[in-house]
Amino acid sequence: MVPHIQTIAQKYNQSEFGTNTFVFDPSMDMSEIQELLDSIHAGLTFPDYEFTNQRYAYMFKPGVYQLDIQVGYYTHIIGLGQSPDDVIIQGTVRSNATKGHVLCNFWRSVENLTIEPTDGNNIWGVSQAAPLRRVHVKGDLTLFEGASSGGFMADCKIDGKVISGSQQQWFTRNSEFQQWDGGVWNMVYLGVKNAPAEDWPEKPVTNIALTPEVREKPYWIFANNIYQLVIPCLKKNSEGIDWANTNLKEQLIPLTDFHIAYPCKDNAASLNKALQQGKHLLFTPGIYQLEESICVTRPGTIVMGIGMATLIPLYGKKALCTADVPGISIISLVVDASSIPSETLVEVGKKELKERDNKKKDPIFVYDVFFRIGGAQEGSAKSCMTINSNNVYVDHAWFWRADHGNGIGWDKSKCANGLVVNGHDVTVYGLFNEHFQEYQTVWNGERGRVYFYQCELPYDPPTNDIWSHDNILGYASYKVSDHVKEHHAWGIGIYGFFDTPLIVDRLIETPVSVEGNFYHKVGIMLGWNKKTDTVFRNIINDKGGPIDTSRRKQTMK
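Mapping of the sequence shown onto our numbering: position 322 corresponds to residue 333, and the numbering continues sequentially without gaps.
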C-alpha cells in the first residue's frame, strides 16, 4: 500500500480481529473507506492474485453506508446487525468478470447485510466457493458476467428477480425472490419461495418444497458494545428466510469465549491449549501452518474463520480432527494440502469408532469449508474430508483438486477422493467435488442425503490403463458402496473434459436397489472437448448413455 492508504488502513484497523480485518461504522468518512477498499481490491484481481497469500475481512457495524464494494479473492464481507436490514449498503457489493468470464471467481463471500443497488441490479458473478448468506437485495440480483460455473445462496431475500444467465448450475436454499430468470444444466431449489416449477428434463430445475432440517450458519453481531456470535435454532421442514422471525430463541456466545488466533502468533500447540481450556477458536485472516492436528473434543465447540482463513497441515498430519461428540460447528475455512501427503485433511469423528452416537438433538454442522489439493501450492492427501460420525450436516463445501495454478499434474498434487462418508444419517446441502483421481465422493454410511451435486471429472488421467479399476474403465464420480441399503440424492450434474481420449463406464456407481433414489441426473461432455474417442458409457450403473462428442448431454429422471 502507498503511505496514504497505509494511514487510512491503520485508522480502520483497530479491532481484536487481526491486521487484515477492518471494522467500519456509519459515522466514518465514506470517501476514505472507499479509497481503502478500492486499493485492496486492486491487489486481489484475476489472474495474478488468484493464489495470493493475502486474506481480508470487512466488518460493518449497524447503519447505512454509501459504498461501491468490489469483492475480490479471499475477501469476506460481514454485516454485524441482528438482522440483515441493520446494515445497509447503498451502492453495490459486487463480484465482476475479469478476462471476460467469472469461471475462476472463487474464495469470497458476503453475509448478513442489505444491498440497495444504485441502478436496481447487483452483480454477483461467481463460480465455486463464493457463498451469499443472509443477504437482502432491494432490487435484482445478477449471478453472472460472461461464462460462469457457480454457486451457492442461502437465507437470502431478493426483492426483485434473480438472473442466473450463463450459470451452468446453482444451489439455492431457504431463500425467496419474486422470479428466477435462467437455468442451464442443474438448478436446485430447496425450501425456496417462488422457485421455478419442475419440468425435468425440459427445464433443468429441481424444486424441493421444504428443507428437512437445518441450522442456519452462525453470524456475528455488534450490540451493546460487544461482539457476539449468534447460533440460530435448528429448524425442520422449513421454507424461506428465518431472519424475519424475531421470536427465535437463539444462543449467544460472546467474543470473550473465543481464542482469537493470529497467523503471526498461533500454532497448533497454542490452538490446542485454548481448546483444552474450554475456548472456541476464531481464526483471523491469514494462513496457518500446522505442525500438529487441531483436535476438538468438547461438545458444542465452534471452530471458525473469517476472511478465508487458511489451514495447512504439515508433516502428513490432519489439519483438524474431532471427537464423536455433539454440537460441534466447523465454519468458513479454507484447507490446503501440503507437500507431505495427509491421510485426510479434516476428520469428523474417529475412524476406529465401533458404535457411533446418533446426535439428532444437537448434530454436527460444517459450513462453507473449502479444500484444495494443489493450486496455491503443490500438495497431496488421500482424501480431503472424512466423516465418521453420525448425524452430520454439511452446508456448502467445495472439494477441489486443482486443474490450474501451482503444483498441478497427475504425478504432483495427488488425491484419490474429495469426500468420504462412513457415518450414518449424513446430509449435504450443496456438494461441489471435482478433479480427484479416483471416486470424487465415496459414501459408505446408511441414509445419506445429498441435495445438489456438481462435479467435473479430472482433466488429466494419462490413459485408461492407469485410470481404471476392477475391469471398469475410469472411475465413477459418485460411489455408493455395495452394502448400502438406503441413500438419496437430488440434482446431480457430472461433467467431463479430458486432456487425452478416455472412456468412463459410469458416472454414478450405486447398488441397484437405490438407483431410483437418485433424482434428476445430467451428464455433460463439455463442448470444447474435441477428443472423438472420449465416451461416458452410462450415467448410473448400466443406464443412461452413451455421452460422447456426437451427443454431449444426457439427462435421466
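Using N, Cα and C, we set each Cβ at its ideal position, and we do this for glycine too.
Find out if the Cβ-Cβ distance for the pair Lys-362, Asp-335 is shorter than 8 Å.
-> no
Just reading off the beta strand (DSSP E) that His-291 is part of, what are its end residues?
-> 291-294
Name the DSSP beta bridge partners of Phe-117, please?
-> Phe-117 pairs with nothing; no bridge assigned.
Roughly how many whole angstroms lie between the Cα atoms of Ser-138 and Ser-175?
-> 11 Å
Grab me the residues of Thr-129's own chain with a C-beta within less than 6 Å of its C-beta, minus the 5 sequence neighbours each way, in chain order.
-> Gly-102
Residue-chain proximity (Ser-479, chain B), Cβ-Cβ < 8 Å = Absence of chain B from the displayed structure is noted, only one protein chain being present.
In the structure shown, what three-state DSSP assignment does Glu-46 receive?
-> helix
What does DSSP give as the partner residues of Trp-501 in its beta bridges?
-> Tyr-462 and Tyr-530
Closest by C-alpha distance to Glu-467, when choosing among Val-346, Gly-171 and Ile-505 = Ile-505
For Met-41, does the three-state DSSP call read helix, strand or coil?
-> helix
Would you mind working out which of Gly-386, Thr-566 and Val-495 sits nearest His-435, comparing C-alpha positions?
-> Val-495
Is it right to say Val-523 is buried, meaning 16 or more other beta carbons lie within 10 angstroms of its own, or is it exposed?
-> exposed
DSSP state of His-415, grouped into three classes?
-> coil
Measuring CB to CB, does Gln-189 end up less than 8 Å from Asp-166?
-> no
Which residues mark the beginning and the end of the alpha helix (DSSP H) in which Ala-427 is found?
-> Taken as a continuous stretch (DSSP letters only), Ala-427 belongs to no alpha helix (DSSP H), as it is neither H nor E.
Spatial neighbours of Lys-532 in its chain, beta-carbon cut-off 6 Å, leaving aside the 5 residues before and after | Around Lys-532: Ile-503, Ile-550 and Met-567.
When you compare only the Cα positions, how much space is there between Trp-191 and Gln-93?
-> 28 Å
Would you report the Cα separation of Ser-249 and Gln-451, rounded to the nearest angstrom?
-> Taking the straight line joining both Cα atoms gives about 30 Å.
List the DSSP bridge partners of Gln-101.
-> Gln-77 and Glu-127
Kindly confirm or deny that the stretch 193-207 and the stretch 234-241 touch, where touching means at least three C-beta pairs closer than 8 Å.
-> no
Express the C-alpha separation of Leu-221 and Gly-161 in angstroms, rounding to a whole number.
-> 22 Å
Give me whichever residues DSSP pairs with Phe-269 in a beta bridge.
-> As a beta-bridge residue in DSSP terms, Phe-269 pairs with His-291.
With DSSP collapsed to three states, give me the class of Pro-229.
-> When DSSP states are grouped into helix, strand and coil, Pro-229 belongs to the coil group.
Looking at C-beta atoms only, is the number of pairs between the stretch 57-71 and the stretch 288-304 that lie closer than 8 Å three or more?
-> yes
So Pro-215 packs on Arg-226, CB below 8 Å; how close in whole Å?
-> With 8 Å as the limit, Pro-215 and Arg-226 do not qualify as a contact, their Cβ atoms being about 29 Å apart.
Which whole-angstrom value is the C-beta distance of Asn-444 and Gly-429, which I expect to be below 8 Å?
-> 4 Å
Looking at C-alpha atoms only, which residue of Leu-282, Met-39, Asn-455 and Ala-206 is the closest neighbour of Lys-72?
-> Met-39
Of the residues Phe-269, Ile-252, Ala-272 and Leu-245, which one's Cα is nearest the Cα of Glu-261?
-> Leu-245
Give the DSSP bridge partners of Gln-15, in chain order.
-> Sequence inspection shows His at residue 15; the Gln mentioned does not correspond to that position. According to DSSP, His-15 shares a beta bridge with no other residue.
Can you grab the Cα-Cα spacing for the pair Leu-537 / Glu-156, in whole Å?
-> 19 Å
Take the Cβ of Gln-178 as the centre, count every other Cβ of all protein chains shown within 10 Å, and call the residue buried at 16 or more, exposed below.
-> Classification of Gln-178: buried, given that the 10 Å Cβ count is 16 or more.
Identify whether Val-336 lies in helix, strand or coil by the three-state DSSP scheme.
-> Three-state DSSP puts Val-336 in coil, outside helix and strand.
So is Gly-555 buried or exposed if we call it buried at 16+ other beta carbons inside 10 Å?
-> buried
Candidates Asn-107, Ser-391, Ala-427 and Ala-320: closest to Gly-29 by CA position = Ala-320
Gly-54, enclosing beta strand (DSSP E) - first and last residue | Note, Gly-54: premise wrong, no beta strand (DSSP E); not H, not E.
Look at Lys-328 and Ser-304 and say whether their C-beta atoms are less than 8 Å apart.
-> yes
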